[in-house]
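*Asks:*
Numbering (the working numbering), first residue to last: 1 to 176.
#1: Return the CA-CA distance between residue 151 and residue 72, expressed in angstroms with no decimal places.
#2: In angstroms with no decimal places, state the Cα-to-Cα distance between residue 110 and residue 44.
#3: Sorted by chain position, which residues of the same chain lie with C-beta nearer than 6 Å to residue 132's C-beta, five sequence neighbours on each side aside?
#4: Report the residue from 162, 145, 66 whose alpha carbon sits nearest the alpha carbon of residue 125.
#5: Just to confirm my understanding: we take residue 36, look at its own chain, exclude 5 residues before and 5 after, and list those with CB closer than 6 Å. What are they?
#6: With H, G and I counted as helix, E and B as strand and the rest as coil, what does DSSP make of residue 163?
#7: With burial defined as no fewer than 16 other Cβ atoms inside 10 Å of the residue's Cβ, what is the status of residue 163: buried or exposed?
#8: Residues in its own chain within less than 7 Å of residue 168 by CB, not counting five upstream and five downstream?
#9: DSSP beta-bridge partners for residue 33?
#10: Under 6 Å Cβ to Cβ from residue 157, same chain only, skipping five residues before and after it: list those, please.
#11: Looking at the secondary structure, which residues open and close the alpha helix (DSSP H) in which residue 237 lies?
#12: Please go through the same chain and pick out, in chain order, the residues whose beta-carbon is closer than 7 Å to the beta-carbon of residue 130, but skip the five residues on each side of it.
#13: On the DSSP letters alone, give me the boundaries of the alpha helix (DSSP H) that residue 45 sits inside.
#14: In three-state terms, what does DSSP make of residue 158?
#15: Using the Cβ count rule (16 or more neighbours within 10 Å means buried), how would you classify residue 160?
#16: DSSP three-state call for residue 79: helix, strand or coil?
Here you go:
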């Protein structure tokens with residue numbers, strides 16, 4: 001855990017100004033401790049202040065219907081980046097995560113186990129950022145990741161999916 005956490009903190013040293021880095025690292029460090037105590041994963045969400053999709057994902061994860069569902073499996077860390085810092089993230093995750101994908105947009109999120117190991121990130125099988133899932137296909141990809149990393153039943157996963165579809169003004173087809 002300490003080795004992975006040290007690598008993770010080192011990553012932020014190169015990305016953030018020292019004040020932002022300390023705040024972000026503390027948030028994630030505290031979340032990892034809480035996740036360990038509660039046997040949960042950590043859902044780290046990077047969003048940009050001015051990004052509408054970032055705001056939608058935050059709303060999705062904090063609305064009164066879905067927040068309790070997410071909170072059963074995750075300690076959620078919401079890191080808000082000012083607009084002028086966001087551009088420094090594009091491509092920067094590549095060396096931290098063993099993948100060919102790069103940060104391509106916001107919101108960008110990933111899931112850690114309670115030892116600080118990467119489990120999943122906001123990319124579909126084709127390397128496209130799911131971010132806030134705006135289409136039925138992206139909602140399905142998002143739900144697939146949440147299903148793999150949570151303790152949620154199919155009924156509760158459907159509540160989250162329906163909430164996303166409603167927020168997107170899409171109709172959920174009964175046949176999946």
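For every residue, glycine included, the Cβ atom is placed at its ideal position computed from N, Cα and C.
*Replies:* From the atom records:
#1: Residue 151 and residue 72: Cα-Cα distance of roughly 7 Å.
#2: Rounded to whole angstroms, residue 110 to residue 44 spans 5 Å at the Cα level.
#3: Scanning its chain for C-beta atoms nearer than 6 Å, with the 5 sequence neighbours on each side dropped, one finds around residue 132 the residues 53, 56, 57, 107, in chain order.
#4: Among 162, 145, 66, the Cα nearest to that of residue 125 is on 145.
#5: Contacts found: 114.
#6: Secondary structure of residue 163 (DSSP, three-state): helix.
#7: Counting other Cβ atoms within 10 Å of its Cβ, residue 163 reaches 16 or more and is therefore classed as buried.
#8: 134, listed in sequence order.
#9: For residue 33, which the question treats as bridged, DSSP gives no partner whatsoever.
#10: Contacts found: 143, 147.
#11: Not covered by the structure: residue 237. The range shown for the chain is 1 to 176.
#12: Excluding five sequence positions before and after residue 130, the CB atoms of its chain that fall closer than 7 Å to its own CB belong to 122, 123, 124, 138, 141, 142, given in chain order.
#13: Residue 45 -> not in any alpha helix (DSSP H); beta strand (DSSP E) instead, spanning 41-48.
#14: Reduced to three states, the DSSP call for residue 158 is helix.
#15: Buried, by the Cβ-count rule.
#16: Look at residue 79 here: in three-state DSSP terms it is strand.
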